[in-house]
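Numbering (the working numbering), first residue to last: 61 to 372. From the three backbone atoms N, C-alpha and C, an ideal C-beta is built for every residue, glycine too. Quick caveat, the model's predicted, so the values are computed rather than measured.
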């Protein structure tokens, strides 16, 4: 594996070139995963912190939840919400597709699910698509949703092994660096399993816990009778309990319906922004809690449990 600095530079060059051009990267342009190391310096824009939050209301509740009824605590200290982007505003969506060998027979259902995700976005949104087997492949850089060619999902090339952890790390870093909108979502389509990543769950958790990270959804076709231990692994084995919503399906034919359910969740997301009171960047996890300012049994709030201050 190349040295970390070389890998990071290689990925940044490919991503920024593709983004600037508004064109898809070559299907053969492989992107090696980059570990999310501890921050050395505050990024541009810090101490503004943006959190993607999913608000679930009880069935039958139709009134929207006003942002004024929410509060954010950072390390136990209340923070003033400076701005909020909610339902109807544009979304930066990453669709991350498992194209390992076990997914080959599911291609048509994956295509339909991915297309449903694109079609379910609010006007003005943007989409990026990555596919992974043993390596992560940037199929489409961030592109206006109206310009996405849905036939690209018919042209995915399938491989063998599954580097799920590495690929989510790369996607997280790409979104944080290049997404245009504060409302951000990453949708992982996979049948689970992991047998090729160079990084572990701790690296994955660290990559997800960055201010500006997307809310993560997983569409998982789970097969408890798979012939190998790797095939019987679940997405839930890799992700922390907060900031991720997993839709476990028994058959691939349910993928399009699962995608529709995720689109509804994405439309319920809020991106809440506040200015951190921290006087200087550091390397520790800052704990986050988003809650109603007054107890409200109508809603459930889900967000990442904390964030690290990422480096430039």
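Residue 307 sits in a strand when the DSSP states are folded into three classes. DSSP places residue 360 within a strand segment (E or B) once states are collapsed to three. A contact between stretches requires three or more CB pairs, one per stretch, nearer than 8 angstroms, and the region 310 to 327 fails this requirement with the region 337 to 354.
In this structure, residue 223 sits near residue 194, with a CB-CB distance shorter than 9 angstroms. DSSP, read as helix, strand or coil, puts residue 299 in coil.
DSSP, reduced to helix, strand and coil, places residue 321 within a helical segment of the structure shown. In this structure, the CA atom of residue 259 is about 40 angstroms from the CA atom of residue 356. In the structure shown, the three-state DSSP call for residue 131 is strand.
In this structure, 369 is the residue among 369, 364, 353 with its C-alpha nearest to the C-alpha of residue 344. Where residue 234 is concerned, the enclosing alpha helix (DSSP H) starts and stops at 224 to 238. In this structure, residue 328 lies away from residue 282, with their beta-carbon atoms at least 9 angstroms apart. Using a Cβ distance threshold of 9 angstroms, residue 174 and residue 189 count as a contacting pair.
Beta-bridge pairing by DSSP links residue 351 to 131. Under the three-state reduction of DSSP, residue 143 is assigned to strand.
Out of 170, 360, 166, 153, the CA that lies nearest to the CA of residue 203 is found in 153.
Assigned with DSSP and collapsed to three states, residue 344 falls in coil, not helix or strand.
Of the residues assessed, residue 209 falls on the exposed side of the cut-off, its CB having fewer than 16 other CB atoms within 10 angstroms. In the displayed model, residue 331 falls within a strand according to three-state DSSP. Cβ contact annotation for residue 176 (same chain, cutoff 8 angstroms, sequence separation greater than five): 316, 319, 320, 323, in chain order.
The C-alpha of residue 361 is placed about 12 angstroms away from the C-alpha of residue 332.
C-alpha of residue 219 to C-alpha of residue 161: approximately 5 angstroms in a straight line. Secondary structure at residue 213: helix, using DSSP grouped into helix, strand and coil. The Cβ neighbour count for residue 313, taken over all protein chains shown within 10 Å, is under 16; the residue is labelled exposed.
DSSP places residue 191 inside the beta strand (DSSP E), whose first and last residues are 186 to 192.
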